[in-house]
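Under the working numbering, the first residue of the sequence shown carries the number -4, and numbering increases by one thereafter. All residues carry an ideal CB built from backbone N, CA and C; glycine is no exception.
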Amino acid sequence: MTKVFLTALFIIIQRLIELRLAERNRRWALRQGAREYGASHYPLFFVLHPGWLIGWVGEALATGSRLSRWWPLWFGLFAAAQGLRYWAIVSLGRYWNTRILIVPGGRRVRTGPYRILRHPNYLAVAVELAAVPLIFRAWRTAIIAGLLNAALLLGLRIPAEEAALVRVDAPS
């Protein structure tokens, strides 16, 4: 049970720090004249992510809080996802955000993981949403959260982001 709660606490602290950074970057972007895109679907992520956390913690506790025998694999994937996430955040610098904000005159970032992936942070989140629950044998949460995340990303978020990025790529 301690491992479950410590992992949950780590993730909560990590998300709070990221949200604080995102808010600081949002304020900076707005001062630069940024426009937000996809704001209508943004609250859905605030349902998915806490629901995922509550889901895997609850499922892990309900099934005895035992680690999967494959936990080193799942933990390794989680750690790799964290590395990818922070590489993406560092590569975007002040432009990183949990919202879709386009700063006038900005340029698309093509360094770091963006040299090889269009949306590395979304890949990191998708891996995390599966790997963390699987560490604790919470496979139901991994499946449900993974499907919901895929629906949100593929149906709403990525199309909105791609449409917004067309404005960055368009000649002035």
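Item to check | Contact between the stretch 138 to 150 and the stretch 62 to 69 (3+ Cβ pairs under 8 angstroms) | outcome: Put simply, the stretch 138 to 150 does not touch the stretch 62 to 69. Fewer than three CB pairs are less than 8 angstroms apart.
Item to check | Arg110 (DSSP reduced to helix, strand or coil) | outcome: helix
Checklist entry - Buried or exposed: Ala145, going by 16 or more other Cβ atoms within 10 Å of its Cβ? => result exposed
Next on the checklist: Quick test of the definition: if touching needs 3 or more C-beta pairs under 8 angstroms, does the stretch 38 to 54 touch the stretch 126 to 133?
Outcome noted: yes
Checklist entry - For Ser60, which option in Ala119, Gly46 and Ala3 has the closest C-alpha, if you only look at C-alpha atoms? => result Ala3
Item to check | Identity of the residues DSSP links to Tyr170 by a beta bridge | outcome: Because the chain spans -4 through 167 in this model, residue 170 falls outside it and cannot be assessed.
Checklist entry - So what does DSSP say about Gly150, is it helix, strand or coil? => result helix
Checklist entry - Whose C-beta lies closer than 8 angstroms to the C-beta of Ala75 among residues of the same chain, with five residues either side of it excluded? => result Val122
Item to check | Other residues of its chain near Val98: CB distance less than 6 angstroms, five sequence neighbours each side excluded | outcome: Ala24, Gln27 and Ala29
Checklist entry - Are there 16 or more other CB atoms within 10 angstroms of the CB of Arg105, so buried, or fewer, so exposed? => result The residue is exposed, with fewer than 16 neighbouring Cβ atoms inside 10 Å.
Checklist entry - DSSP state of Thr58, grouped into three classes? => result In this structure, Thr58 counts as coil in the three-state DSSP scheme.
Next on the checklist: Whole angstroms are fine: how far does the CA of Gly100 sit from the CA of Trp91?
Outcome noted: Cα to Cα, Trp91 sits roughly 16 angstroms from Gly100.
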